[in-house]
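Report on the following structure.
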Amino acid sequence: MRARYWWAVAALLGGLAAMWMVRRSYSAPPQVAFAIVKRESLVSVVTTNGKVEPFELAEVRAQRAGLVQRVLAQPGKLVKAGQLLVELDDREARAELAAAEARLRQAQAAWEVIEKGGRAVELEELESALTRARLELGKAQQDYEALRRLQQKQAATAAETEAARHRWEQARAELAGLQAKRAALVSASDRKAAQARVQEAEAARQQAAERLRQCSIQAPINGVLYDWRVRKGDYVEAGALIAAVGRLDRLRVRVYVDEPELGRLAKGMPVTLTWDGLPGRTWHGRIEQMPLQVRSLGSRQVGEVLLSIENPELNLLPGANVNAEIRAQIVNKGLIIPKEAVRRMSDQAGVYLLEAGDRLRWRPVKLGSSSATRVQVLEGLAEGQQVALGSQHPLRDGLRVRPTYP
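Here numbering that gives the first Met the number 0 is used: the first residue of the sequence shown is 0, the next is one more, and so on.
This is the structure we're talking about:
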C-alpha cells in the first residue's frame with residue numbers, strides 16, 4: 000500500500016514536470032534565421048528555357064518520285080552545297096533524254112537544209128541551170144550587140160538583128176524564172192515551221208535533262224546533314240522530305256520570357272545555355288531579337304526572344320530543349336540580401352528587420368536587380384542590418400525571436 004502511494008506521487012510529479020516543459024516550450028521565442036545586409040556584386044539574370052534550331056536551315060526534298068538506288072551521305076556529317084546525297088533509279092529518265100536528243104538532232108538537220116535554201120540535190124540542179132542560163136544570157140547579149148553594130152554598117156540584116164534580140168530576151172526570161180524558182184524553193188512559212196520544230200525539240204530535251212537531274216538529290220547549302228528519312232530501296236514520292244541541312248556552327252534558340260521580365264532585357268545581352276543531353280557543357284551567345292508582341296502561353300503572358308548561340312564544336316543539336324540564363328545586368332557594390340528574406344504585404348515588398356536583438360520590425364523596401372537567389376535593395380535598408388529568412392513559424396511585426404545565423 001505504501002509503495003503504491005509513492006508510485007502515485009512520482010507519476011504526479013512527472014506529469015507536472017512534463018506540463019511545465021511543454022508550457023515553457025510554447026512560451027519561448029521561436030528560433031528564426033537571419034542574414035546580414037551586405038554590399039556585394041550581383042549578376043542579374045533571367046532564366047528560362049527554349050528549343051534549338053539551325054540559324055540557317057534548308058530542307059532536302061525529292062523533286063520526283065522514284066526508287067532510292069544509292070545513299071551517298073550520312074546524317075551528322077558536314078556536306079557542301081551541290082554534294083550528291085541520294086540517287087534515284089534513273090533508267091527511265093535516261094531513255095527519255097536519249098529519245099529527246101534524237102528528235103532534236105532530226106529537227107536541227109531539217110533546219111540546216113532550210114538554212115541552205117532547200118535539199119542538196121534540188122539546190123545542185125538549180126545552181127547548174129542558173130549557171131548555164133547566165134552563160135547563155137551573156138552570149139545572147141554579145142550576139143545581139145554585135146549584129147546591131149553590123150546592121151549600122153549595113154553588114155547585117157534587120158531580121159538577123161531582131162532574131163538575136165529575141166534570143167537575148169528569151170535567155171533573160173529563162174534566167175529570171177530559174178532565180179524565182181530558187182527563191183521559192185524554201186518559203187517563209189517553211190522556215191518558221193522548221194525553226195519551231197527545233198525550239199520544241201530543244202525544250203523537250205531540256206525537260207528530259209531536268210527529269211534526269213532530279214534523280215540526283217543534292218545538298219542545297221553547306222552545313223550538317225540531319226533528320227535523315229530514307230534508306231536504299233525506299234520508294235519516295237515527289238516532294239517527300241529526305242533530310243535537312245543546317246548550319247550548326249551558329250544556332251538560334253527561341254525562348255519565352257514572362258512579361259514582367261521583358262523590361263530587363265535588351266538586344267545584345269549575353270546568354271549562357273546548358274543542355275541536359277551534355278551535362279557540364281555550356282554554350283554562349285547573345286540576344287538577337289526582342290519580341291514584337293506579347294502573347295498568351297497557357298496561364299502566362301510571354302514574349303518570344305530569339306538568341307544567337309555559337310556552337311563551334313557542333314555538339315549542340317537542333318531540336319534540343321535547353322536552359323537559358325540571360326545576363327541582364329551587373330550590379331557593383333549594391334546592398335544585397337537573399338531572395339527568401341523578401342515578403343509581400345498588401346502588394347508591398349518588405350522584410351522583417353531584427354531590432355533590439357530579439358524583436359521583428361516590418362520594413363518596406365524598394366527592390367532592384369536580382370539573380371536566382373539574391374536581390375538588390377535600392378531603398379529601405381542599410382549595410383549591416385539583419386533580415387529574417389524563411390521560417391516555419393509565422394512572423395509578424397513586434398514578434399520576439401531567438402536569432403540564428405546559418
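Beta carbons are placed, not taken as given, at the ideal position from N, Cα and C, and that holds for glycine. Quick caveat, the model's predicted, so the values are computed rather than measured.
For residue i and residue j, which I take to be in contact (beta-carbon distance under 8 angstroms), what is that distance rounded to the nearest angstrom?
i: Val-376; j: Pro-28; result: That belief does not hold up - the Cβ atoms of Val-376 and Pro-28 are roughly 26 angstroms apart, past 8 angstroms.
i: Val-256; j: Thr-47; result: 6 angstroms
i: Pro-363; j: Gln-347; result: 5 angstroms
i: Ala-157; j: Gln-151; result: Contact doesn't hold; Cβ gap of about 11 angstroms is too wide.
i: Leu-83; j: Ser-215; result: 6 angstroms
i: Leu-353; j: Asp-396; result: Actually they are not in contact, since the Cβ atoms of Leu-353 and Asp-396 sit about 12 angstroms apart, beyond 8 angstroms.
Could you pull out every residue in the same chain whose Cβ sits closer than 7 angstroms to the Cβ of residue i, ignoring the five residues on either side in sequence?
i: Val-197; result: Ala-106, Gln-107 and Trp-110
i: Gln-62; result: Gln-213 and Ala-237
i: Gly-389; result: Glu-339
i: Leu-313; result: Val-223, Leu-247 and Asp-248
i: Pro-393; result: none
i: Val-21; result: Because Val-21 carries a pLDDT of 45, less than 50, the predicted location of this residue cannot be relied on, and the following value inherits that uncertainty. Cβ neighbours of Val-21 beyond the five flanking positions: none.
Cβ atoms of residue j and residue i: under 8 angstroms apart, would you say?
i: Val-252; j: Leu-272; result: yes
i: Ala-355; j: Val-386; result: no
i: Pro-269; j: Arg-326; result: yes
i: Leu-96; j: Ala-200; result: no
i: Glu-52; j: Pro-317; result: yes
i: Ala-218; j: Val-59; result: yes
i: Ile-241; j: Val-85; result: yes
i: Glu-309; j: Trp-274; result: no
i: Lys-266; j: Gln-288; result: yes
i: Pro-337; j: Ala-34; result: yes
i: Leu-174; j: Glu-159; result: no
i: Arg-230; j: Val-70; result: yes
i: Ser-43; j: Gln-391; result: no
Between residue i and the rest of its own chain, which residues show a CB-CB distance below 6 angstroms, the 5 nearest in sequence each way excluded?
i: Glu-100; result: Arg-204
i: Ala-330; result: Strictly speaking, residue 330 in this sequence is Val, with Ala absent from that position. Leu-41, Ser-368 and Gln-375.
i: Glu-39; result: Ile-335
Looking at C-alpha atoms only, which residue of the options is the closest neighbour of residue i?
i: Pro-402; options: Ala-97, Arg-38 and Tyr-351; result: Tyr-351
i: Ile-335; options: Val-293, Thr-372, Leu-353 and Val-321; result: Thr-372
i: Ala-170; options: Ala-145, Gly-333 and Thr-130; result: Thr-130
i: Val-254; options: Glu-324, Ala-92 and Leu-134; result: Glu-324
i: Asp-89; options: Gly-379, Lys-79, Leu-66 and Gln-30; result: Leu-66
i: Gly-284; options: Val-304, Leu-296 and Ser-295; result: Val-304
i: Leu-136; options: Glu-168, Gly-49, Gln-153 and Glu-144; result: Glu-168
Enumerate in chain order the residues of its own chain whose CB-to-CB distance from residue i is below 8 angstroms, with the five nearest sequence positions on each side excluded.
i: Val-120; result: Because the pLDDT at Val-120 is just 49, under 50, the model does not fix this residue reliably, and the value given afterwards should be weighed accordingly. Closer than 8 angstroms at the Cβ level, and outside the excluded window around Val-120, lies no residue.
i: Ser-24; result: Only weak support is given to the placement of Ser-24: the predicted model assigns it a pLDDT of 47, under 50, and the question is left unresolved by the model.
i: Leu-366; result: Val-341, Ala-348, Val-374, Gln-375, Val-376 and Leu-377
i: Arg-210; result: Arg-63, Ala-92, Glu-95 and Leu-96
Report the start-end ranges of each beta strand (DSSP E) in the region 327 to 377 that is 3 residues or longer and not cut off at the edges. 342 to 344, 347 to 354, 358 to 363 and 365 to 369
Go through the region 232 to 271 residue by residue and report every complete run of the alpha helix (DSSP H) that reaches 4 residues or more, in order. 258 to 261
Please give the ranges of any alpha helix (DSSP H) in the region 17 to 92, keeping only runs that are unbroken, at least 4 residues long and fully inside the region. none
In chain order, which continuous runs of the beta strand (DSSP E) of length 3 or greater are located wholly inside the region 265 to 307? 269 to 274, 281 to 288 and 293 to 296
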